[in-house]
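For the sequence shown, the positions run 4 to 263 when this note's numbering is used. In this text, a Cβ means the ideal position worked out from N, Cα and C, and glycines have one as well. This report refers to the structure that appears directly beneath it.
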Amino acid sequence: MPEAILSPRELRRYGKQIMIPGIGTDGQEKLKKASVLVVGAGGLGCPVLQYLAAAGIGRTGIAEFDMVKEENLPRQILYGTNDVGKLKSIIAKNRLEHLNSSVAFEIINLRIDAGNALKVLGNYDIIVDATDNLETRYIISDACVILGKPMVHGAIYKYEGQVSVFNYRGGPTYRCYNPYTGKKGAGNPLPAEVGIVGVLPGITGTYMASEIIKIITGTGEVLSGKVLLLNIAENTQYMLSVKSIPENHVVRQPSSTFKL
Numbered sequence: 004m005p006e007a008i009l010s011p012r013e014l015r016r017y018g019k020q021i022m023i024p025g026i027g028t029d030g031q032e033k034l035k036k037a038s039v040l041v042v043g044a045g046g047l048g049c050p051v052l053q054y055l056a057a058a059g060i061g062r063t064g065i066a067e068f069d070m071v072k073e074e075n076l077p078r079q080i081l082y083g084t085n086d087v088g089k090l091k092s093i094i095a096k097n098r099l100e101h102l103n104s105s106v107a108f109e110i111i112n113l114r115i116d117a118g119n120a121l122k123v124l125g126n127y128d129i130i131v132d133a134t135d136n137l138e139t140r141y142i143i144s145d146a147c148v149i150l151g152k153p154m155v156h157g158a159i160y161k162y163e164g165q166v167s168v169f170n171y172r173g174g175p176t177y178r179c180y181n182p183y184t185g186k187k188g189a190g191n192p193l194p195a196e197v198g199i200v201g202v203l204p205g206i207t208g209t210y211m212a213s214e215i216i217k218i219i220t221g222t223g224e225v226l227s228g229k230v231l232l233l234n235i236a237e238n239t240q241y242m243l244s245v246k247s248i249p250e251n252h253v254v255r256q257p258s259s260t261f262k263l
C-alpha cells in the first residue's frame, strides 16, 4: 500500500481548502509536491510568501538580498521594528516557518542576474516576479522561457496594481507585454520616488498567490494572455489582452535588454 502524501494533521489543517470543488485531496497533494521561487521579499513578496505557506506549498524559495528598512515597514508586513537592518531573507524564513512548519523554505540571499538566473530558477516549478526592478524582470522572463517555466508577475504604482502569468503553456512572455525600448527613464518608478498606499501590495500579492495556486491545482482560469489592472482608489478592474510574439519565445541566454 503506497504511503499517504498528506498526513492526518495536514488533512485537518487544509480541510476547508480540500473541500473546494476542483482542489480536493489531489489538489492539496499537488500543492505539497510543488516548488515555487519568489524573487523579492518586499511589498509584493510578503503577502505572496505568507499565502503560499498557508496554502501548503511544499517547497518555497526566497530570493532576496536586501535588508529591512524602517520606511518600508508599512507595506512589507513580514517584518517589524526590531528587524530593521537585518536581512529580509532570514527574517522572512523565520516568520514563515512559524506560520507553517511543514513547509520547506530555502534562502537565496543574492541578486538574480543574467549569470545565475538559470541555475537558481531551474530548481523550482513556478517563478514569481515580485521585484521592483525592470532589468531583473527581463532576466527572469528570459530564464523562464529558456527553462520552460511559468512566471507569475505583479507590479504596483501608487493606487494601481497589475497581475499576470507569462510563459504559461506557450502563452505570451513578459517581453510580449512590455518590450524593451532602449529609451532612458523607461524603467518603472520605485515606491521611494512616487509613494505608495501600503495595502496595495497586499491586495496585488494576494492575487498573485491565487494564480500560483490555480496553476498548481489546475483550477479556475489562469491570467495567461491577460493582465489584470486594479485601482483601489477608484474601485475599478480592467483586463488587457496580450498577444504572443514568436521571437520572444526564442531565447538563448537571459538578458536585460534586446539587441536592437
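Beta bridge counterpart(s) of residue i as assigned by DSSP
i    : result
S105 : Answer is none; S105 lacks a bridge partner.
R62  : S38, A107
G230 : Reading the sequence as shown, one finds Val at residue 230 and not Gly. According to DSSP, which records beta bridges pairwise, V230 is partnered with S167, L243.
I199 : K161
Span of the beta strand (DSSP E), counted from its first residue to its last, around residue i
i    : result
S167 : 163 to 169
V155 : 154 to 160
Beta carbon of residue i nearer than 8 Å to that of residue j
i    : j    : result
C49  : I80  : yes
K229 : S167 : yes
G59  : Q31  : yes
V87  : Y180 : no
I115 : V123 : yes
S227 : G174 : yes
I235 : Y162 : yes
Y171 : P153 : yes
Y82  : L90  : no
S104 : E13  : no
S259 : I142 : yes
A107 : I65  : no
G157 : I206 : no
Y54  : T209 : yes
A56  : L102 : yes
A44  : E67  : yes
L231 : M242 : yes
Bounding residues of the alpha helix (DSSP H) (the contiguous stretch that carries residue i)
i    : result
V202 : 202 to 220
K19  : 18 to 21
Y177 : 177 to 180
Rounded distance between the beta-carbons of residue j and residue i, thought under 8 Å
i    : j    : result
V42  : I130 : 7 Å
L34  : L99  : Incorrect: roughly 15 Å between the Cβ atoms, too far for contact.
G46  : P204 : 3 Å
N251 : R178 : 4 Å
A146 : P257 : 5 Å
G201 : R78  : 4 Å
N155 : I215 : In the sequence on display, residue 155 carries Val and not Asn. That belief holds up - the Cβ atoms of V155 and I215 are roughly 6 Å apart, short of 8 Å.
T222 : G25  : 4 Å
Quiz prompt | 3-residue-minimum beta strand (DSSP E) runs that sit fully inside the stretch 78 to 146, ordered along the chain | solution = Qualifying beta strand (DSSP E) stretches, in chain order: 107 to 111, 129 to 132.
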